[in-house]
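Shown next, in structure tokens, is the structure this report addresses.
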Amino acid sequence: MKSAEYNLRLRWADRLGIRFIGPVEPDHWPKTHGRLFADVQKLGRREYSHFVESISIDSIEKPWRNSTRSRADRLSQLAENAWKERRNESSWRFAVENEIMHRFSVEVACPKCRNKLWESEIPAATDSIHVSAELLEARRRKRKPCRCPPTWGQSQYLPNARYDSGINMLFSDRAEQKIRHDPPLPVLSQNERRKQSEAPDRVYGLKQTDNFKLVLDSDDKRGVAATLCPSLRETLEVSPFEPEGEPLLYPFLVMEAKSSKGADRGEVNMQTAFVIRRLLNVQLDLKLATGEETQWESGPLVWFLAWRGEIWEISAAVVKQPQIEYEEDSR
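Every number in the working numbering is 2 more than the matching position in the sequence shown, counting from 1.
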């Protein structure tokens, strides 16, 4: 990024109230995200050696953990090879990105028995007192690991394959696809030109499931009653991308990758700041639309995974009225 554009971006980010505040002590975390941030920090401190030692203890109840260890070994070797070869950004991405984001692409329930093929090491926090949170906890207590025997091919050649099968029906992603800016950004050195869109390396969001489609196609009954009510899809922005086939709904994770020889963290932040703001605003519009009836206590949250070669850093972006702030937890 040229210095002129960097400075323009920096000034415009400041004008919009975007702040990168660096690592934050737990006492200063947003209260509504405190439990979640603590879980992420706890997971980041878990060492490989301790994880391996615990596998034999719960191998019956969590048989997928052997597969997790194998993938960790593979990822480590791929990253080491890329570092030794001093690969460029694209080569780094092709080498490790899909391995890192693997769990967003595979099924978590057995297609035959519907029991668990995999479970998160730390379940998502459910501090809410709403009925939906209680129902989720009840379902979790009833979950059991899949006991189906592996197929012949899996048992012969891929003993862990059954824990990494199927296609995830909840999440999807977009790679290097344009995100609209409205209004366009005045961050180009030519005064008469404005940036209409940006294409981050990768963005993850929700698929349009049948339930989502049913809700979005229903009438928006807010405001004055009318004979013909527009649908929620017509009155709410559900995706920041250009019109497409099946939309990527409410993105929550953005990735930007550089080689170890690439841009520094400041440039990566400025390159992604306005994309993150767009994703947060899509979520914020949904929360504001529900008004006082909202059950979404925590509010908008976007994760930002920035990595430069072997250095991977995770940040959380939240809305702190009237500013948007980014809290970092480097790994």
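We put the CB at the ideal spot given by N, CA and C, even for glycine.
Given the structure is predicted, the values throughout are model-derived calculations rather than measurements.
Rounded C-alpha distance that separates residue i from residue j
i, j, result
"R182", "V42", "30 Å"
"R48", "T292", "38 Å"
"Q156", "K215", "In this prediction, Q156 scores a pLDDT of 46, lower than 50, which makes its location untrustworthy; the coordinate-derived value is nonetheless stated afterwards. So the two alpha carbons sit approximately 36 Å from each other."
"E139", "E99", "32 Å"
"V205", "V256", "4 Å"
"W85", "W314", "13 Å"
"R352", "L282", "Outside the shown range of the chain (3 to 333) lies residue 352, about which nothing can therefore be said."
"D29", "C150", "46 Å"
"R224", "P186", "30 Å"
"M103", "D203", "13 Å"
"A318", "S220", "32 Å"
"A265", "N90", "12 Å"
"S78", "A15", "36 Å"
"P32", "L18", "20 Å"
"R196", "L38", "37 Å"
"E312", "N83", "11 Å"
"M171", "P113", "12 Å"
"N9", "F53", "44 Å"
"C148", "R11", "50 Å"
Close beta carbons around residue i, own chain, < 8 Å, minus the five adjacent residues each side
i, result
"V284", "E239, V240, S241, P242, Y252, P253"
"I169", "S107, V108, E109"
"V217", "L234"
Given residue i as reference, the closest of the options once Cα atoms are compared
i, options, result
"A81", "L187, R67, F96, T70", "F96"
"G24", "K263, F306, S122", "F306"
"R279", "L290, D184, P249, D221", "D184"
"I20", "F276, K289, L288, L303", "F276"
"R142", "A127, C150, R195, P151", "A127"
"A201", "E244, P125, F39, K146", "E244"
"S2", "E312, I57, P151, V217", "Outside the displayed range of the chain (3 to 333) lies residue 2, so it cannot be described from this structure."
"K64", "A319, N90, L119", "L119"
"R88", "W298, T274, S261", "S261"
"E101", "N117, E121, L172, D75", "D75"
"E121", "S93, R145, T274", "R145"
"E246", "S51, H52, T274, Q179", "Q179"
"R13", "C148, E136, T274, P188", "P188"
"S345", "N68, Q273, N213, E136", "Residue 345 lies beyond the range of the chain shown here (3 to 333); nothing can be said about it."
"W94", "K263, L290, W298", "K263"
Simplified DSSP assignment, three categories, for residue i
i, result
"Q335", "Missing from the structure shown is residue 335; the chain here goes from 3 to 333 and no further."
"E315", "strand"
"D222", "coil"
"P161", "Unreliable placement is indicated for P161, whose pLDDT of 48 sits below 50; no coordinate value is reported for it."
"L12", "helix"
"W120", "coil"
"I169", "coil"
"G155", "Note on G155: pLDDT 41, under 50, position unreliable in the model; the coordinate value appears next. Helix, per DSSP."
"K4", "coil"
"K114", "coil"
"M103", "coil"
"K263", "coil"
"P245", "coil"
"G301", "coil"
Presumed contact (8 Å Cβ cut-off) between residue i and residue j, rounded CB distance
i, j, result
"T34", "S300", "4 Å"
"E7", "L190", "7 Å"
"E248", "Q198", "Not quite, the Cβ-Cβ distance comes to about 23 Å (not below 8 Å), so this is no contact."
Spatial neighbours of residue i in its chain, beta-carbon cut-off 6 Å, leaving aside the 5 residues before and after
i, result
"M3", "E269"
"L286", "P302, V321"
"W309", "A259"
"I124", "D41, L45"
"L208", "L251, Y252"
"A177", "R204"
"L288", "none"
"R67", "I57"
Cβ neighbours of residue i in the same chain (closer than 7 Å, five flanking residues each side left out)
i, result
"D222", "C231, P232, S233, L234, T237"
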